[in-house]
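Peer 1:
Residue numbers (our numbering): 154 to 370.
#1: Could you tell me whether the stretch 324 to 341 touches the stretch 355 to 362, using the rule of 3 or more Cβ pairs below 8 Å?
#2: Locate the beta strand (DSSP E) running through residue 329, then write down its first and last residues.
#3: From which residue to which residue does the beta strand (DSSP E) around residue 162 run?
#4: Quick check: the Cα distance between residue 235 and residue 195, rounded to an integer number of angstroms?
#5: Report buried or exposed for residue 209, applying the criterion of at least 16 other Cβ atoms within 10 angstroms of its Cβ.
#6: Residues in its own chain within less than 6 Å of residue 232 by CB, not counting five upstream and five downstream?
#7: Within the stretch 272 to 348, note down every full alpha helix (DSSP H) run reaching 4 residues or more, in order along the chain.
#8: Within this structure, are the beta carbons of residue 266 and residue 256 separated by less than 8 Å?
#9: Taking only three categories from DSSP, how would you classify residue 226?
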């Protein structure tokens, strides 16, 4: 089944992102190739890796809308697996863009799932640590974040060490598996099974691997 996604509304986006950031995106709708970034742009992470582009707010709405639509399909019982092939923007933070990510569609989708499912497991298989998602749920014990990623000196974003396990009530609900390149399938499966036992049985799972994949159990 193919579902046409709806653009995320301003109200949808501010479930995670700050209104100041969203309002700024609206003010730079008509930039062109000659546009030069301002200090205010840079305050919101809009610079070298996330340059301001034309129709910025519409782009952000479309990117987030796909994953939000996928999550809503799951909560409505329309399917047990949903994929957004243009999702997985896991670096963006509440107050700005980062690492080529203007919006954190993953956090927004998890927010939709949490309204129905008491436990959500997020698995990140991107080579880069999913710092934006981890930061968003650092204090939560209803979302378990698990990230397999390359972790070496000078490699972006430089976060996601073994010692990062969540904070306060969320301590123990975050697991980082920093790996060197070319690890084996056997190593991956061994680690994944061990972590799965720690968190129990989540009702919804989100997987990021250059695209958004969600399923429920």
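Backbone N, C-alpha and C fix where the C-beta goes; we use that ideal spot for every residue, glycine too. Everything numeric in this text was worked out from a predicted model, so none of it was measured.
Peer 2: Judging by the given coordinates:
#1: As far as the Cβ criterion goes, the stretch 324 to 341 does not touch the stretch 355 to 362, which means the pair count is below three.
#2: Within the chain shown, residue 329 is the residue found at index 176, counting from 1. First-last of the beta strand (DSSP E) with residue 329: 327 to 332.
#3: Indexing the chain shown from 1 puts residue 162 at position 9. No beta strand (DSSP E) contains residue 162, which DSSP labels as neither H nor E.
#4: Position 82 of the chain shown, counting from 1, holds the residue named residue 235. Position 42 of the chain shown, counting from 1, holds the residue named residue 195. Spanning the two alpha carbons is a distance of roughly 35 Å.
#5: Counting from 1 along the chain shown, the entry for residue 209 is found at position 56. Residue environment for residue 209: buried (at least 16 other C-beta atoms within 10 angstroms of its C-beta).
#6: The residue given as residue 232 occupies position 79 in the chain shown. Excluding sequence neighbours, residue 232 sits near 226.
#7: The stretch 272 to 348 contains these whole alpha helix (DSSP H) runs: 284 to 289.
#8: Indexing the chain shown from 1 puts residue 266 at position 113. Indexing the chain shown from 1 puts residue 256 at position 103. No, these two residues do not count as a Cβ contact at 8 Å.
#9: Stepping through the chain shown from its first residue, residue 226 is reached at position 73. In this structure, residue 226 counts as helix in the three-state DSSP scheme.
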